[in-house]
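Peer 1: I have a structure I would like to understand better, so I am pasting it below and will then ask my questions one at a time.
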Amino acid sequence: MSLLEVKNLRVTYGSGARAVPAVRGVDLRVTAGQKLGIAGESGCGKSTLALALLRLLPATARLSGEILIDGEDVLTMKWGRLRAVRWAGASIVFQGAMHSLNAVHRIGDQIAEPILLHQKTTPAVARQRARELLEQVGLPVARADAYPHELSGGQRQRVMIAMALACDPRLIVADEPTTALDVMIQAQILRLIEQLVAVQDISLLMISHDLTVLAETCDRLAVMYAGRIVEEGPARTVYGAAEHPYGRALSATFPRIGDTASRRAPRGLPGDPPDPSALPSGCTFHPRCPVALAACAEEDQALVTAGEGHLAACVRVGAGTEGLR
Ligand code: ADP
Ligand code: MG
Numbered sequence: 448m449s450l451l452e453v454k455n456l457r458v459t460y461g462s463g464a465r466a467v468p469a470v471r472g473v474d475l476r477v478t479a480g481q482k483l484g485i486a487g488e489s490g491c492g493k494s495t496l497a498l499a500l501l502r503l504l505p506a507t508a509r510l511s512g513e514i515l516i517d518g519e520d521v522l523t524m525k526w527g528r529l530r531a532v533r534w535a536g537a538s539i540v541f542q543g544a545m546h547s548l549n550a551v552h553r554i555g556d557q558i559a560e561p562i563l564l565h566q567k568t569t570p571a572v573a574r575q576r577a578r579e580l581l582e583q584v585g586l587p588v589a590r591a592d593a594y595p596h597e598l599s600g601g602q603r604q605r606v607m608i609a610m611a612l613a614c615d616p617r618l619i620v621a622d623e624p625t626t627a628l629d630v631m632i633q634a635q636i637l638r639l640i641e642q643l644v645a646v647q648d649i650s651l652l653m654i655s656h657d658l659t660v661l662a663e664t665c666d667r668l669a670v671m672y673a674g675r676i677v678e679e680g681p682a683r684t685v686y687g688a689a690e691h692p693y694g695r696a697l698s699a700t701f702p703r704i705g706d707t708a709s710r711r712a713p714r715g716l717p718g719d720p721p722d723p724s725a726l727p728s729g730c731t732f733h734p735r736c737p738v739a740l741a742a743c744a745e746e747d748q749a750l751v752t753a754g755e756g757h758l759a760a761c762v763r764v765g766a767g768t769e770g771l772r
């Protein structure tokens, strides 16, 4: 059984004329120990999807579909159960660690708090576990007494990872976990995440606008555009031989794994993703697509098989994309 299974998930912020359909029918599956990457430019709905998984969205968001964690639907779960699942089932690492940590509490106490709450243990045991976690994420145990502002950005992100690990989750959702960090620290944090999920057999859903970060870390990649998955397949295939023109454009934007210059100045993909409240007709990528056909403005294309374990939502798939690379 899948650890995480998302079926036809839709998330719309607001309603009426100002409705923002941010996620528009997403299907995903993560099996035990698997690492799935979700790529896409800013505004494509990646964070909305991540927050929806644990029902962390603002009250203005309306959700439909199913989000099964170990077969249990998060969308219909009772409040108490949901709280338990948020720590022990799946936990989230966000981009801006500074905003997620409490400025007036020592980090050791912040890591111990969920352990105390969810594992019914004594304060002394929780504190000891917090220290072990700090060690696991490569921070000196003495840093348990530090306040968030006394740590560097990379150290704070390590604390966030320690908190995510606190209650032994089976799935970690990491939303742009390294985007705010400089390149050297980014590489260290990615290695740490990789190592931890491998050793502890945790599944990973990692989100980034940077395809190289995902290609390096994940087994499978899903490419999101305008609230939908437009391509999904083995990481190497999607990074190296994408079938959807958007997947190809993203790969071209980040041509080399670890290449710092291209990270700072992405190239080869002019324009922006559409505003979800004013989506283009037909295939939402057609206005930016270098190989669009007349029909692409009229009709959207569902995901179709593009190879083994590889799906892409483009009319060109299976109809001779070879000459177009
Ligand atoms: P990504 O993480 O891929 O950058 P987001 O999920 O943050 O994308 O945003 C997807 C779309 O939803 C964007 O158009 C964004 O402006 C919109 N959006 C995000 N949060 C809210 C919100 N709380 N209310 C209304 N619109 C939102
Ligand atoms: Mg985001």
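Everything in the sequence shown is counted per the numbering used here, starting at 448 for the first residue and increasing by one. Backbone N, C-alpha and C define an ideal beta-carbon position, used for all residues, glycine too. From a predicted model like this one, the values you see are computed outputs, not experimental measurements.
(1) Where do the N-terminal and C-terminal ends of the alpha helix (DSSP H) with V762 fall, by residue?
(2) Quick check: is any heavy atom of the ligand MG less than 7 Å from the C-beta of S547?
(3) Taking the straight line between their C-alpha atoms, what separation do you get for G602 and A593?
(4) Leaving out five residues before and five after V660 in sequence, what residues of the same chain have Cβ atoms less than 6 Å from its Cβ?
(5) Taking only runs of the beta strand (DSSP E) that begin and end inside the region 561-631, which ones reach a length of at least 3 residues, in chain order?
(6) Name the residue from I485, G463, Q647 and A634 whose alpha carbon lies nearest to the alpha carbon of A508.
(7) Less than 8 Å separating the beta-carbons of L483 and V470?
(8) Counting only runs that start and end within the region 458-528, where is the beta strand (DSSP E) found for 3 or more residues in a row?
(9) May I ask you to verify whether the region 509-528 touches the region 649-657, counting CB pairs closer than 8 Å and requiring at least 3?
(10) What is the rounded straight-line gap between the Cα of H757 and the Cα of I485?
(11) Just to check, is the beta-carbon of S494 closer than 7 Å to a non-hydrogen atom of the ligand ADP?
(12) What is the DSSP secondary structure of P734, reduced to helix, strand or coil?
(13) Return yes when the C-beta of D657 is under 7 Å from any heavy atom of the ligand MG, and no when it is not.
(14) Starting from E690 and walking both ways along the beta strand (DSSP E), at which residues does that stretch end?
(15) According to the Cβ coordinates, are V764 and C743 closer than 8 Å?
(16) Can the beta-carbon of L581 be found closer than 8 Å to that of A609?
(17) Are the region 718-731 and the region 745-759 touching by the rule of at least three beta carbon pairs closer than 8 Å?
(18) Distance, Cα to Cα, R711 vs M671?
(19) Around the Cβ of M607, are there at least 16 other Cβ atoms within 10 angstroms (buried) or fewer (exposed)?
(20) Whose C-alpha, out of E597, D474, L510 and D517, is nearest the C-alpha of L618?
(21) Does the Cβ of Q642 have 16 or more other Cβ atoms within 10 Å, making it buried, or fewer, making it exposed?
(22) Quick one: what's G680 bridged to in DSSP?
(23) Apart from the five residues on each side of it in sequence, which residues of its chain come closer than 6 Å, Cβ to Cβ, to A696?
(24) Leaving out five residues before and five after R578 in sequence, what residues of the same chain have Cβ atoms less than 8 Å from its Cβ?
(25) Once DSSP output is grouped into helix, strand and coil, what is the label at A712?
(26) Starting from the Cα of Q633, find the closest Cα among R530, R605, D615 and P616 and give me that residue.
Peer 2: On the basis of the supplied data:
(1) Per DSSP, V762 belongs to no alpha helix (DSSP H) and is neither H nor E.
(2) no
(3) Note on residue identity: the sequence assigns Gln, not Gly, to residue 602. A direct Cα-Cα distance of roughly 11 Å separates Q602 from A593.
(4) none
(5) 618-622
(6) G463
(7) no
(8) Fully enclosed beta strand (DSSP E) runs of 3 or longer: 467-477, 482-486 and 508-516.
(9) The count of Cβ pairs closer than 8 Å, one atom from the region 509-528 and one from the region 649-657, stays below three, leaving the stretches out of contact.
(10) 14 Å
(11) yes
(12) helix
(13) no
(14) Counted as a single uninterrupted DSSP element, the stretch harbouring E690 is not any beta strand (DSSP E), since DSSP gives it neither H nor E.
(15) no
(16) yes
(17) yes
(18) Per-residue confidence for R711 stands at a pLDDT of 48, beneath the threshold of 50, marking its modelled position as unreliable; no derived number is given.
(19) buried
(20) D517
(21) Its Cβ having fewer than 16 others within 10 Å, Q642 is exposed.
(22) L668
(23) Taken in chain order, the residues that qualify are L716.
(24) G555, V588 and A591
(25) With a pLDDT of 48 at A712, under the threshold of 50, the modelled position of this residue cannot be trusted, and the question is left open.
(26) R605
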